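In the numbering used here, the protein residues as written are 32 to 113.
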């Protein structure tokens, strides 16, 4: 094998490595973005459950004391795009 042939093979190999690296980075970026969106959604749902539990506790306390409770039930979180 001549030097030119070896050089071409090395050059092509490096090009393929960089193409795969770029594809891998794009895939990682998509996965990270998807993971963040899911984490935000879970955080909103958890916050809503906590707000609803606190509201329910206040309602029960008012009921036990015989006090009128007219506080509106918390609204569920909107689907937020991130």
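Virtual Cβ for every residue (Gly too), placed ideally from N, Cα, C.
Predicted, not measured: the structure shown is a model, and the values here were computed from it.
Tell me whether the beta-carbon of residue i lies closer than 8 Å to the beta-carbon of residue j.
{"i": "residue 1", "j": "residue 88", "result": "The question about residue 1 has no answer, for the chain in this structure spans 32 to 113."}
{"i": "residue 105", "j": "residue 83", "result": "yes"}
Decide if residue i is buried, meaning its Cβ has at least 16 other Cβ atoms within 10 Å, or exposed.
{"i": "residue 113", "result": "With a pLDDT of 46 at residue 113, under the threshold of 50, the predicted position of this residue should be treated as unreliable, though the coordinate-derived value follows. Exposed."}
{"i": "residue 94", "result": "exposed"}
### Message
Give the list of continuous beta strand (DSSP E) stretches no shorter than 3 residues that lie fully inside the stretch 54-79.
### Response
none
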